[in-house]
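Residue numbers (our numbering), protein chains in the order written: chain A, 685 to 833; chain B, 611 to 1559.
From the three backbone atoms N, C-alpha and C, an ideal C-beta is built for every residue, glycine too.
Given the structure is predicted, the values throughout are model-derived calculations rather than measurements.
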């Protein structure tokens, strides 16, 4: 079992928490649950209710959409992130391709945590804004290159 | 007597003196103006003749434009009280010089020009200064209530000054009247000192900064361009401009006829003084008796015809017979309508324009257009008299032509005005608070009501907001149609508003709506029927006795609201027994726990309204309810009743994020009475951390001196998380109660302590970075990476974060000492990635803080590497770079739990047995994560030892 601080070290590498302070990560670590998944077991199916995000501590997870593999998650990869922020059903099926150890954050716990720790909300929002900015920048460049002769 | 007067005039406690002072101030200023103006007019007319008057208009326009510009520039650099004092002294000195010139007959050809322009400038500057001062003396809410009364002081001063001149000019001669003005101005200086000491001086800096901030948010576009781009504003500027030009022509005719008939200068002064007073009285009467009615019955646009039509009558009279009576007629028509109906109409015309545009455009129209038109008026007169050679009575022809253009502009304005208003409603840019006057306008009301026929829910609700306080029979049919509207909120509001109207009866619809699914509609339907029955109490009793529990519940709520609106009903109605009986009747059907959620909420709201302590047990039960909505209502009730037994459950609810805000507000209702209890909870280490962290904000909501003292006690707390919340709470008080005083000495000490902590953390950080380079066991970092192992990196990052937080705390504390918003902006600059913003912020801080703080703080803000901060740290606090063992021990034995945890983890990774004792002690720490990490570190060190052994 990971200790809280080991979870923090793990969470430091999660993209969405890039701007969250280490102390705030310890609060997130406190709501994570470590779980073991056997090879070929399903973590969630396409169309399921989105209620948690997962991080891979050990093993690998295949993410498939309508049978086709979208990506294979390895150690330190995160999947199901958007479950924390919207209510849309899962768009992929997550299946363990090896015996796995995962960290799970339940949406309900995370939302409650956001209410208590403004710093976490700020960090997550900052990351999202950065993403949005880079997306806008990319779209802008594409539009420019299309419009130029 | 004083109390009765205060009640009639709506003057609240502690407002009496400043209102009296400001009333007297404007009274004296306007009275003095009404003395110098007639003197000026008669002197100039007798000395240089009426033919030079047009030139005077041009000179006044040019000089006041220049002086107002210079004055505005200068006034930003000097404190308002000094500015008013100095200008008053200058005015007094010049008045004495003028008196000397009159007495010693030293006046040359230049003097009438100087005197004329001086009086005009005196009028502009002294009144502008007064309103600037008033803005500092009264806050926005006071201004709304008291400016009417203060304005009456100006009117009274005008009447008094004019009649005084009329009475004294023949007795004392015009020149000696200047002494009375000097006396009045000396009185205003004394009043200024008293007012400034008592009210305006406090928070002056804060208010100036707030204004600067407010203007920062304004649109940066050139105001002239704003006017040119808006046809509405362009027309408005034209209307103002043409009004000023015509006023000049009228003034010329009036002055020319009067000076032609009255030859004695003192008599002429008395004549002008007398008619200035009469004009003020005429304006007052028209304002009180006509303005409201005209606007209500005819609308803004038609009201704008009064002034030109009045002038037309006067102009025709002067043309037919240029006698004193016709000159007075044209002047009274112009002056009387201009300051009353026309002024109100013009003010209303600008209402539909969005506030940010309006503020900038209005100042241009009021100052620039007014001045420009004065100059143009002068030029037109010069052309008419000198070039065209028109006689005084023939000026009326020019006036009539201008009046025709004026009329055309008003007609054009109508379409523009309604169109702008329609746009404002669509974009919701109208401030509801301003609308009570506006919706008295007939033409506007109809166009607004048209929107109620549509099916846009949002727009209908907005219109209902706008007309909420307007009672006008034309509204009723529209409301009647809304009784069947699909959205329940609109149905309910229509019913509520309809209860005010006699002519329309919707009782049949209301009876049906009692069966509505929506509780709010049900309540309003019952309320409507009760109001219409003529005997609210008896009607309510019928519904309270209904067999249907939903109707009974709605009736209970209705009764509660009626009492809130009209406390007189409470005397005819025993609300406590009403609720008791109601509860008993419902309890027969089900126990209280299983009441419907909405019913529980209604009951809680009811108790909030009647504030009866009899139902405390019930509130206690509701405070344990599972539903968040019920909890919120119960918490509000607890706050309204303020029984001590609720304090504990309310404090308990502080930890629940969903209702914490309500619990905080409710606890704040208790005021300072529960301050000691809150302090106990805050200090209690056994209390939940979440609750302890939220208590400072509760204390801050009181904003009292005791609250500040209580929070100050906690500033020395070692727990960083709690201290942070205390500082945040103090910041909150600073923002919400800017006049509150903070103990600066203690604050200085706390800031220095925080700065010292920052420097200390920096030495540890430096040591950790240095050792990472030296130790070969750690991998070499890539670009931008932190040096060392993952544990070292985590510890370094945690320390950096703590230093950032320490910096935030220092700025928060500075915000308690200096202007909070300036400090906040500086903080944003300091934490910005932009080099220039950072440099500007450091420069700003360097300029505002005290020398002692500067010495400690500036090196901290001005350096970018940990190494460069070591020297000032050593010099200022004798801090040296610690050895690794000492530095890590500092963190492990320190009070910051997170740094403790990171240091423990680091020690575990080092497997260094030198820390074993400290680690061992922490294995039973109360904090779960500290204990867990200590256990981990202990295991690692022990394991190594075993391996070594």
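Item, Value
"From B:1531, B:630, B:1510, B:1551, residue whose alpha carbon lies closest to that of residue 1521 of chain B", "B:1551"
"CB contact below 8 angstroms: residue 1513 of chain B versus chain A", "no"
"For residue 1141 of chain B, the first and last residue of its enclosing alpha helix (DSSP H)", "1129 to 1143"
"Coil, strand or helix - residue 1126 of chain B by DSSP", "coil"
"CA nearest to the CA of residue 909 of chain B, picked from B:841, B:1028, B:1458, B:1433", "B:1028"
"Between the CA atoms of residue 1549 of chain B and residue 1514 of chain B - distance to the nearest angstrom", "11 angstroms"
"Interface flag, residue 800 of chain A vs chain E, CB-CB below 8 angstroms", "Considering every chain present, this structure includes no chain E. Its protein chains are A and B."
"Within chain B, partners of residue 702 of chain A - CB distance below 8 angstroms", "By Cβ distance, chain B contributes nothing, its closest Cβ being about 12 angstroms from residue 702 of chain A, past 8 angstroms."
"Cutoff 7 angstroms; reference residue 698 of chain B; Cβ partners in own chain excluding five residues on either side", "795, 798, 799"
"CA-to-CA distance, residue 1511 of chain B to residue 1390 of chain B, given in whole angstroms", "Because the pLDDT of residue 1390 of chain B is 42, which lies under 50, any placement of that residue in the model is unreliable, and the number read from its coordinates should be weighed accordingly. Taking the straight line joining both Cα atoms gives about 25 angstroms."
"Complete runs of the alpha helix (DSSP H) confined to the region 717 to 800 of chain A [at least 4 residues]", "791 to 800"
"Range of the contiguous alpha helix (DSSP H) that encloses residue 1063 of chain B", "Where residue 1063 of chain B is concerned, there is no enclosing alpha helix (DSSP H), given that its DSSP letter is neither H nor E."
"Residue-level contact to chain A via CB, residue 1262 of chain B, 8 angstroms cutoff", "no"
"Minimum Cβ-Cβ distance from residue 1298 of chain B to chain A less than 8 angstroms", "no"
"Chain A within 8 angstroms of residue 1550 of chain B, Cβ atoms only", "no"
"With 16 other Cβ atoms within 10 Å as the buried cut-off, status of residue 691 of chain A", "buried"
"Selected residue, minimal CA-CA separation from residue 628 of chain B, among B:760, B:1282, B:1271", "B:760"
"Environment of residue 777 of chain A [buried if 16+ CB atoms lie within 10 Å]", "buried"
"Chain A contact for residue 1364 of chain B (CB, 8 angstroms cutoff)", "no"
"Beta-carbon neighbours of residue 818 of chain A, restricted to chain B and to distances below 7 angstroms", "The premise fails here: residue 818 of chain A is roughly 16 angstroms from chain B at the closest Cβ pair, so nothing lies under 7 angstroms."
"Rounded straight-line distance, which links the Cα of residue 803 of chain B to that of residue 653 of chain B", "34 angstroms"
"The region 979 to 992 of chain B / the region 952 to 964 of chain B touching (three or more Cβ pairs under 8 angstroms)", "no"
"Cβ shell of residue 1439 of chain B (< 7 angstroms), same chain only, five flanking positions each side left out", "1447, 1448, 1450, 1451"
"Where the alpha helix (DSSP H) through residue 1227 of chain B begins and ends", "1226 to 1232"
"Which listed residue (B:766, B:1314, B:703) has its alpha carbon closest to that of residue 641 of chain B", "B:766"
"Same chain, Cβ closer than 8 angstroms to residue 1106 of chain B, neighbours up to 5 away in sequence not counted", "1134, 1137, 1138"
"Residues that residue 1407 of chain B contacts on chain A, provided the C-beta gap is smaller than 9 angstroms", "696, 705, 706"
"Backbone secondary structure at residue 1265 of chain B - three-state DSSP", "coil"
"Residue 1543 of chain B: contacting residues in chain A (beta-carbon distance under 9 angstroms)", "687, 688, 689"
"Any C-beta of chain A under 8 angstroms from that of residue 1275 of chain B", "no"
"Below-8 angstroms beta-carbon distance, residue 1271 of chain B vs any chain A residue", "no"
"Test: residue 796 of chain A CB closer than 8 angstroms to a CB of chain B", "yes"
"Any C-beta of chain B under 8 angstroms from that of residue 789 of chain A", "no"
"Chain B contacts made by the region 730 to 757 of chain A, where a contact means CB separation under 9 angstroms", "none"
"Segment contact flag, the region 767 to 784 of chain A with the region 721 to 740 of chain A, C-beta cutoff 8 angstroms, min 3 pairs", "yes"
"Neighbour flag for residue 1394 of chain B against chain A, beta carbons, 8 angstroms", "Its pLDDT being 42, under 50, residue 1394 of chain B is placed unreliably in this model, and the value from its coordinates should be taken loosely. No, because no Cβ of chain A sits closer than 8 angstroms to the Cβ of residue 1394 of chain B."
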